[in-house]
Amino acid sequence: MARGFARIEAVQEPATVSSQAALDELLEALERQPSLQQMPPVPKHGGPLSVGVSIQIVKFRDVKEIEGTVDLVLDLTLCWADDRLPPKGFDTSGDTATRNQAPPNAFHDKLTLAPGLIWTPDVVILNQVSAMDDMFGFANSPLVLTDNEFKAKTGVNVLWTRRLSLESACKIDMSNFPFDKQICSIVIGSWATSRRQMLLIPQDWQQKVGPTDGGSIHTSEFMVGNITVQHKSVYMRNAAERFEEVVYEMTVKRYPHFYIVNFMLPMVAVTMLTIATMWMSNTGTRVNAGTRLFLTLISIMNITAMWRPANDTDIWLDRFQAHCLLLCMSAVLQSLVLDYLLKTGLFELSWAPQSHHVEVVLRSAICLVGMGVFFVDLCDLVKQHDVEGLFFAFHGRTTRMLMAFVYLIFMCLGFSAVSSIMWLILPNWDGGCFVARPARQSPPVAKTAQGLQAAEGRRSELPVLLLLLLLLLLLL
Numbered sequence: 002m003a004r005g006f007a008r009i010e011a012v013q014e015p016a017t018v019s020s021q022a023a024l025d026e027l028l029e030a031l032e033r034q035p036s037l038q039q040m041p042p043v044p045k046h047g048g049p050l051s052v053g054v055s056i057q058i059v060k061f062r063d064v065k066e067i068e069g070t071v072d073l074v075l076d077l078t079l080c081w082a083d084d085r086l087p088p089k090g091f092d093t094s095g096d097t098a099t100r101n102q103a104p105p106n107a108f109h110d111k112l113t114l115a116p117g118l119i120w121t122p123d124v125v126i127l128n129q130v131s132a133m134d135d136m137f138g139f140a141n142s143p144l145v146l147t148d149n150e151f152k153a154k155t156g157v158n159v160l161w162t163r164r165l166s167l168e169s170a171c172k173i174d175m176s177n178f179p180f181d182k183q184i185c186s187i188v189i190g191s192w193a194t195s196r197r198q199m200l201l202i203p204q205d206w207q208q209k210v211g212p213t214d215g216g217s218i219h220t221s222e223f224m225v226g227n228i229t230v231q232h233k234s235v236y237m238r239n240a241a242e243r244f245e246e247v248v249y250e251m252t253v254k255r256y257p258h259f260y261i262v263n264f265m266l267p268m269v270a271v272t273m274l275t276i277a278t279m280w281m282s283n284t285g286t287r288v289n290a291g292t293r294l295f296l297t298l299i300s301i302m303n304i305t306a307m308w309r310p311a312n313d314t315d316i317w318l319d320r321f322q323a324h325c326l327l328l329c330m331s332a333v334l335q336s337l338v339l340d341y342l343l344k345t346g347l348f349e350l351s352w353a354p355q356s357h358h359v360e361v362v363l364r365s366a367i368c369l370v371g372m373g374v375f376f377v378d379l380c381d382l383v384k385q386h387d388v389e390g391l392f393f394a395f396h397g398r399t400t401r402m403l404m405a406f407v408y409l410i411f412m413c414l415g416f417s418a419v420s421s422i423m424w425l426i427l428p429n430w431d432g433g434c435f436v437a438r439p440a441r442q443s444p445p446v447a448k449t450a451q452g453l454q455a456a457e458g459r460r461s462e463l464p465v466l467l468l469l470l471l472l473l474l475l476l477l
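Each residue of the sequence shown is one higher than the one before, starting from 2 at the first, in our numbering.
Rendered as structure tokens:
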């Protein structure tokens with residue numbers, strides 16, 4: 002025996018067709034009636050022909066944001082009743098009028114035929130934008146002719162399933178990218194047959210999609226969620242007729258893990274490190290460090306720009322990057338402005354606050370505003386309005402670890418900022434529990450006078466510092 006081949010033995014089991022002669026007679030009977038291929042069937046009781054419609058998604062490929070399309074593979078199944086089948090001269094027993102003896106069960110259960118032998122409905126994907134040459138093609142899509150028993154149970158005797166690889170139009174909403182959720186429609190309808198001749202009946206939807214389906218139709222970037230079915234009747238002015246449509250709405254959600262790790266967390270970390278440079282003592286060193294971190298942030302944005310979808314509107318990631326840039330620029334400008342004011346001698350004036358107090362107010366305000374901006378942006382993105390919910394909205398272990406580290410930086414800088422502000426305010430509080438206790442021994446007169454003068458000076462600076470803090474918060 003030749004290698005790679007196994008002997009095929011005849012199997013004595015019930016078959017759909019009992020003889021080759023029966024198939025040849027069926028083909029001749031179909032060819033003798035051209036109306037079977039050219040004219041649609043008319044139901045026995047009159048009225049439009051009912052055609053059942055259902056789809057089965059085989060694989061979801063991609064969402065093309067720039068083109069505004071969704072790429073997928075699906076099986077489109079149509080079913081209808083053609084009372085002209087089986088044709089005259091061929092009955093379900095395989096016998097003809099001229100044959101006295103014929104094998105029983107010559108045509109039983111289902112029989113596969115070429116679609117060109119009988120009439121098929123012109124039902125297509127109406128919002129398909131690619132592979133238009135194959136839109137009405139059926140050369141590779143055989144149909145199934147059923148027996149009368151199947152027709153009595155289901156009301157149809159012709160089944161036709163076509164596998165389609167297509168791109169359909171989809172309205173893309175990128176406002177929450179990379180946490181976006183797209184709702185794409187697959188519109189199925191007749192190309193030229195109105196509802197007076199054909200009615201489309203949505204079949205029972207049995208396909209289960211979501212995280213529990215084993216990931217057979219999902220991709221590494223998108224997950225197919227809920228799929229709903231709608232039945233519509235649309236009036237077309239050009240044809241002055243109403244047409245039937247079956248619309249499948251598919252929810253597609255993007256996995257954000259890649260963009261969190263490569264976009265968001267690096268920018269948040271660099272921004273918070275830039276803000277942390279304001280706690281350095283040497284002005285020149287912190288200006289140098291802040292400028293380098295600012296350039297690092299710009300480099301991250303340039304490197305990751307190729308992975309971002311082009312869009313003509315302001316998306317969430319644009320706002321997030323703009324906030325990071327503004328906070329980094331504010332941290333660097335704080336050091337530059339303080340260094341300039343120190344050199345001009347403005348803080349030596351009698352009415353001016355001390356330079357250290359102004360520095361504490363500015364860096365604390367920038368730090369607190371930065372924490373609030375990041376928290377509001379992320380909560381608006383994942384629709385979680387608490388710290389714990391925001392943390393558990395990110396699923397990967399690496400992402401959670403990095404997010405916990407960013408939380409730690411937030412808490413350290415926030416605690417330092419609040420402590421600095423309280424250190425400025427609490428010693429100047431005149432009432433309540435913050436009144437200073439009298440000393441056990443009276444200090445010398447000179448030291449007491451100097452302390453009163455210093456306290457009076459801090460007390461006079463407090464309104465100026467509070468006003469400066471308020472203006473900075475309003476500006477940011």
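Where is the CB? At the ideal position from N, CA and C, for every residue including glycine.
- Per DSSP, Lys172 lies in no beta strand (DSSP E) and is assigned neither H nor E.
- Runs of alpha helix (DSSP H) with 4 or more residues, each lying fully within the region 311-392, are found at 317-345 and 356-383, listed in chain order.
- The C-beta of Asn128 has 16 or more other C-beta atoms within 10 Å across all chains shown, which makes the residue buried.
- For Met237, the enclosing beta strand (DSSP E) has its first and last residue at Phe223 to Met237.
- By the criterion of a C-beta distance shorter than 7 Å, Thr345 is surrounded by no residue of its chain, once the five residues flanking it on both sides are discounted.
- In this structure, Ser336 sits away from Thr297, with a CB-CB distance that is not shorter than 8 Å.
- For Val52 and Thr70, the gap between their C-alpha atoms comes out near 28 Å.
- Ranked by Cα distance from Ala306, the first of Gln322, Leu79, Asp378 and Ser221 is Gln322.
- In the DSSP assignment, Glu246 falls within the beta strand (DSSP E) that extends over Glu242 to Arg255.
- As a beta-bridge residue in DSSP terms, Ser55 pairs with Thr78.
- Gly48 is the residue among Met404, Gly48 and Val43 whose C-alpha sits nearest the C-alpha of Arg197.
- If you draw a straight line from the Cα of Ile189 to the Cα of Phe264, it is about 39 Å long.
- Counting the other CB atoms within 10 Å of its CB gives Asp83 a total of 16 or more, which places it among the buried residues.
- In the DSSP assignment, Ser300 is bridged to no other residue.
- In the three-state reduction of the DSSP assignment, Gln39 falls in the helix class, which pools H, G and I.
- Boundaries of the beta strand (DSSP E) harbouring Lys182: Lys182 to Ser191, taken from the DSSP string.
- When only Cα atoms are considered, Glu246 and Gln38 end up about 24 Å apart.
- Residue pairing for Met199: DSSP places it in a beta bridge opposite Leu50.
- Straight-line measurement puts the Cα of Trp192 at about 16 Å from the Cα of Ser131.
- In the same chain as Met224, and ignoring 5 residues on each side of it, the C-beta atoms closer than 6 Å to its own belong to Lys254, in chain order.
- Going by beta carbons, Arg163 and Val74 fall outside the 8 Å limit.
- In this structure, Thr121 lies away from Val145, with their beta-carbon atoms at least 8 Å apart.
- Around the beta carbon of Val124, 16 or more other beta carbons lie within 10 angstroms, which makes this residue buried.
- Here DSSP, grouped into helix, strand and coil, assigns Ser420 to helix.
- Around the CB of Thr278, 16 or more other CB atoms lie within 10 Å, so the residue is classed as buried.
- Contact between the region 173-186 and the region 22-29 is not established, with fewer than three Cβ pairs separated by less than 8 Å.
- The C-beta separation of Leu50 from Met199 comes to about 5 Å, placing the pair in contact by the 8 Å criterion.
- In the structure shown, Trp120 adopts coil according to DSSP, grouped into three states.
- Here Thr113 carries a strand assignment [DSSP, helix/strand/coil].
- Cβ neighbours of Met268 within its own chain (closer than 8 Å, five residues either side excluded): Leu298, Ile301, Met302, Phe321, Gln322 and Cys325.
- The Cβ-Cβ distance between Pro257 and Ile67 does not fall below 8 Å.
- In the DSSP assignment, Val145 falls within the unbroken beta strand (DSSP E) covering Leu144 to Thr147.
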